[in-house]
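Written below as structure tokens is the structure these notes are about.
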Amino acid sequence: MYCVHHRLVQLIFSITFALSCTMFELIIFEILGVLEASSRFLHWKIGLYAMLFMLIFLLPFYIGYFILSNIRFVKQSVLKLLTVAAWLFFMYLFWKIGDPFPILSPKHGIFSIEQGISRVGVIGVTLMALLSGFGAVNYPYTSMTYFMRPVTPNDTQSLEKKVLQTVDMIIMKKKRIALAEREKLLQPGSGSQGSVIWNMLKSVTTSQYGSSENVSQLKQEVAALEELSRQLFLEAVDMHTMQERIEWSKTLKGKYFNFLGYFFSLYCVWKIFISTVNIVFDRVGKVDPVTRGIEIAVNYMGINFDVSVMFYFTSTTVLCVL
Amino acid sequence: MASINKVKVMVVGDSGVGKSAFVHLVCHSQPITNPSWTIGCSVDIKLHEYKEGTPSQKTYFVELWDIGGSSSHRNTRAVFYNCFQGIILIHDLTNRKSHQNLRKWLAELLCKEGNVKKNTGHDFDPEEFVDNQIPILIIGTKLDMVQQGLSPNRSSSVAEECGADEFYLDCHQAKSLAPGSTNAVKLSRFFDKVIERRYYSQNSSQMTTLLDRRRVGPLSPKLSHVD
């Protein structure tokens with residue numbers, strides 16, 4: 001797909017990205033204690049308001065606008081109204097999502113930013129969890145040799161031959177269609193107007209592939225064959241990808257990722273187990289295994305580290321890698 | 001049908017430039033109504049009259065192989081690239097990158113001898129295409145979306161390098177390729193060149209440089225008289 005060269009979209013994307021980076025840096029400054037406390041607070045507030053404005057107002061509005069402008073039967077005049085309607089619908093959903101959560105506190109009122117932040121936070125964390133869950137499952141699948149089926153060159157060749165054969169059959173049928181349509185154009189009384197006897201005479205005198213071809217049936221067959229060729233092609237793409245993955249896994253990098261894959265899958269299984277235990281037994285988990293492992297390692301080696309800082313860094317790193 | 005010969009022309013370009021729309025316009029003389037992404041390859045047939053209007057007029061099948069342009073299918077596309085006789089490169093006038101990528105497409109088509117993996121980082125080398133004899137046509141689509149009056153009066157660099165003809169059109173209008181219009185004439189001249197090279201030029205090795213070919217015009221009728 002080619003790059004998006006619509007200026008506005010680029011601008012919005014850059015602003016959102018810059019704001020996220022700023023907030024991330026502010027967090028780091030908070031931990032490390034750089035800059036004046038009051039200036040940090042000011043920057044934090046500015047960043048937060050700007051981010052909320054982007055997320056709640058600007059982005060849904062423009063996404064709705066672009067989606068609606070791509071639908072063919074929407075007229076230009078109605079477009080703006082429809083976008084506002086879509087945005088109001090989005091706000092309503094947004095509000096509804098936050099209702100089950102106990103975040104409405106009486107001293108702040110309904111339209112304060114606390115509502116916005118809390119909702120964005122909840123949705124954001126859920127999405128992050130979904131993404132990292134997906135990454136955790138997808139990553140071992142792609143890099144571990146356990147999941148790779150062996151593909152021989154014979155398999156790929158036979159599949160490619162099948163694809164080409166299907167395409168050849170499509171070509172043959174389309175040639176017949178093209179010839180039949182040209183015949184129809186050349187005949188003066190073309191179409192279904194001739195009587196049965198006339199049609200029989202025509203089929204005897206003209207060539208073997210004359211206008212007695214049933215064009216609509218041929219077109220149906222062509223459509224079915226085209227669908228088949230697409231499926232075969234996709235299978236061939238899968239096979240080639242599998243071949244590439246097998247070759248890549250034989251390299252050093254591939255072996256390294258394979259080992260990491262085993263490690264992370266064990267970690268994920270442990271996480272699932274622990275969270276199930278937490279939910280079932282209603283127990284609040286204190287510290288995750290990576291930090292606990294590092295604690296043990298640190299105590300064993302006797303080095304002086306600030307554990308709270310390590311907690312932030314390791315958890316974030318693990319999350320990022322996933 | 002067995003008596004009608006065929007030529008195979010590859011239609012390639014980036015994803016979304018309008019190859020399927022163009023092929024549909026050429027073969028059915030009508031704009032396409034429901035374009036969707038092409039997966040793999042979609043072939044369409046055009047019955048072309050070689051040397052139309054002369055006594056030696058003959059009908060040929062022109063197979064237009066419209067190859068889907070998504071990069072995730074690159075590793076399997078090469079299965080379609082065997083023995084073709086013409087190339088149509090399509091780019092999008094609203095997207096300059098699709099024009100620059102035409103070189104990569106040309107490299108992918110002409111250097112298809114195995115090694116698909118190497119082609120992803122392959123640098124275009126103009127020297128390789130001096131020996132190329134396959135006729136090439138370059139087409140810019142989506143003319144209705146750029147400012148009016150745009151025409152290739154100054155031929156683009158890719159067209160110069162390959163000695164290719166080029167024109168711009170809007171695939172949503174049937175009159176872009178109406179019979180007798182400049183675009184239709186260029187297209188039919190291209191098809192004639194392809195057919196000539198395939199069936200009429202016995203001494204193709206004598207056509208040396210691209211510059212000679214452009215200056216002198218089609219050499220093959222003269223050569224075939226030398227017998």
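Residue numbers (UniProt numbering), protein chains in the order written: chain B, 1 to 322; chain V, 1 to 227. No residue lacks a Cβ here, since even glycine has one placed at the ideal position from N, Cα and C. Treat the numbers as computed from the prediction; the structure is a model and nothing was measured.
Pairwise C-beta distances place the stretch 99-109 of chain V out of contact with the stretch 38-49 of chain V, as fewer than three of them are shorter than 8 Å. Close to chain B, meaning a Cβ-Cβ distance shorter than 7 Å, are the following residues of the stretch 73-94 of chain V: H73, N75, T76, V79. With respect to chain B, the C-beta atom of S56 of chain V has no partner C-beta closer than 9 Å. Contact of V167 of chain B with chain V is assigned, a C-beta pair being separated by under 9 Å. Inter-segment contact for the stretch 186-204 of chain V and the stretch 5-13 of chain V is present: three or more beta-carbon pairs are separated by less than 8 Å. In the DSSP secondary-structure assignment, I171 of chain B is not bridged to any residue. Closest in C-alpha terms to L11 of chain B, from the list B:L58, B:E226, B:Q157, comes B:L58.
Proximity of chain B to S42 of chain V at the Cβ level (cut-off 8 Å) is accounted for by E226, in chain order.
Using a Cβ distance threshold of 9 Å, Q85 of chain V and A174 of chain V do not count as a contacting pair.
Counting along the chain, I4 of chain V sits inside no beta strand (DSSP E), nor does DSSP assign it H or E at all. Residue contact with chain V for K174 of chain B: present (Cβ-Cβ distance below 9 Å to some residue of chain V). By the CB criterion at 9 Å, V137 of chain B and V79 of chain V fall outside the cutoff. Taking all protein chains in view, the Cβ of M51 of chain B is crowded by 16 or more other Cβ atoms within 10 Å, so the residue is classified as buried.
Going by DSSP, I246 of chain B is part of no beta strand (DSSP E) but of the alpha helix (DSSP H) stretching over 215-249. With its beta carbon less than 9 Å from one in chain B, F61 of chain V belongs to the interface. Comparing alpha carbon positions, the residue from B:F134, B:I177, B:A18 closest to N214 of chain B is B:I177. Using a Cβ distance threshold of 9 Å, S36 of chain V and S70 of chain V do not count as a contacting pair. When the beta-carbon positions are compared, F94 of chain B and I56 of chain B come within less than 9 Å of each other. Boundaries of the beta strand (DSSP E) around D92 of chain V: 86-92. Taking a beta-carbon distance threshold of 9 Å, I246 of chain B does not count as an interface residue toward chain V. Inclusion of L93 of chain V and V23 of chain V in the CB contact set at 9 Å is not warranted, their separation being larger than that value. Between the beta-carbon of Y168 of chain V and that of L143 of chain V there is about 5 Å, and that keeps the pair under the 8 Å contact cut.
Note on A224 of chain B: under 16 other CB atoms within 10 angstroms of its CB, so exposed under the neighbour-count rule. In this structure the stretch 228-244 of chain B touches the stretch 154-169 of chain B; the number of beta carbon pairs closer than 8 Å is three or more. For a cut-off of 8 Å, the C-beta gap from A21 of chain V to C162 of chain V is around 23 Å, too long to register as a contact.
As the crow flies, the alpha-carbon of S176 of chain V is around 30 Å from that of D168 of chain B.
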